[in-house]
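Line order of the protein sequences matches chains A and B. Per my numbering, the very first residue in the first sequence carries number 196; after that it's consecutive. Per my numbering, the very first residue in the second sequence carries number 196; after that it's consecutive. For each residue, glycine too, the CB sits at the ideal point set by N, CA and C. Before any comments, here is the structure.
Number of protein chains: 2
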Amino acid sequence: MKVSSQEEYGLRCLVQLARLPEGESLTLAQMAEREGISTANAGKLLWILNKAGLVQSHRGMKGGYQLARPSSEIRLSEVIKVLDEDTVQEHCKSYTGVMEVCVHTGDCGIRPVIVGLHEIVQNALSEITLAELVGNEAKVDATLHQIEGLQTRFVRTPKVNL
Amino acid sequence: MKVSSQEEYGLRCLVQLARLPEGESLTLAQMAEREGISTANAGKLLWILNKAGLVQSHRGMKGGYQLARPSSEIRLSEVIKVLDEDTVQEHCKSYTGVMEVCVHTGDCGIRPVIVGLHEIVQNALSEITLAELVGNEAKVDATLHQIEGLQTRFVRTPKVNL
DNA sequence: AAGATACATTACTTTTTTGTCAAGATTCCA
DNA sequence: TGGAATCTTGACAAAAAAGTAATGTATCTT
């Protein structure tokens, strides 16, 4: 279970855009330099993000990329989903598909782990927006640890008073 | 963010072993057949699991593999960690290492996402043991959804009466 | 002790994922 | 209008992961 290169760099590019003052944009060359990746690679990533409607591009001089929506309206769950869509398709037509080919019949116990894990991750990521990632390490850290903390607490003690 | 092939098949092999009556074992050939993978591949997976101390092997006739501990004492968090250890090393010397090479200085907001995600996943997996995966889809599903449910509920409503 | 069975280990092949290149299309500016 | 800047796109190359093969070593049975 790991974050792919494409996910990581793609997310970083979006954070760069989220940092910009209203109305400004970044060219591929600028983006590449800021993230320490090649221009070609940045081009590919931004192309994916553009196709998915997360960023808007403009060609020619004065061209570049900017976010398609305010950073506070872009959740990480959406970002990650877009960035590994291609990959996920293959492993087995997304996690549901795993099962149709799976040698385990029905009641095997593994299916819910795979599917459930995916849900848990999406769930956690849906609590964070791009805006929260902008120059704000402490805050994000707190958000995530709040999730983890509660999780641990309540799960380990099945019945709690609500 | 996806479950690698090695993680999935490795886990499946362990579940096969967990299903066995006390004292019995499975050979590579049996394991391979039951999971629909090649014997060579099963050999590699079991070798990793053996090195990590999760299973015990015995050679020669009457040989095979069995769990090194009762299935109720093997948590999925440990299993997954063992199965992608090699892979994780490379991406950037485990998630902490990412940062030493990272072009982002200190307060970038991305680090806690990567690290935090990893923690959340480990956390969820540490709540499940191999024993719970044995022929018991409904139960695992409930466990995981309980985690997710609580998570969503509490995080979305920042202040709750406890 | 010999031979058969089964794991151990390393090197190699194939497939998948990443990353690069190059030719084309659009936009801006003079 | 022409040229420079910049994104677009598909083909290609390199690196990583997954899977296979082959040779070696331990254990059991007779």
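With the rule of 3 Cβ pairs closer than 8 Å, the region 266-273 of chain B counts as touching the region 312-325 of chain B. The three-state secondary structure of residue 254(B), taken from DSSP, is coil. Distance between residue 250(A) and residue 261(A), taken at the CA atoms: about 6 Å.
Here residue 307(A) is buried. Its C-beta has 16 or more other C-beta atoms within 10 Å. The secondary-structure analysis by DSSP pairs residue 270(A) across a beta bridge with 324(A).
For residue 240(B), no beta strand (DSSP E) run applies; the uninterrupted alpha helix (DSSP H) run containing it begins and ends at 234-246, by DSSP.
Using a C-beta cut-off of 8 Å, the region 221-236 of chain A makes no contact with the region 219-227 of chain B, since fewer than three inter-stretch Cβ pairs fall below that distance. Look at residue 215(B) here: in three-state DSSP terms it is coil, with no helix or strand label. Residues of chain A whose Cβ lies closer than 9 Å to the Cβ of residue 243(B) do not exist, since the nearest Cβ in that chain is about 16 Å away.
For the region 222-242 of chain A, the set of positions with a beta-carbon nearer than 8 Å to some beta-carbon of chain B reads 229, 230 and 231 in chain order. Selection 263(B), 223(B), 277(B) and 314(B) evaluated against residue 257(B) yields 223(B) as nearest (Cα-Cα). Judged by beta-carbon spacing, residue 315(A) lies within the 9 Å limit of residue 319(B), meaning their Cβ atoms are closer than that value. Of all alpha-carbon atoms in 199(A), 276(A) and 245(A), the one lying nearest the alpha-carbon of residue 264(A) is that of 245(A).
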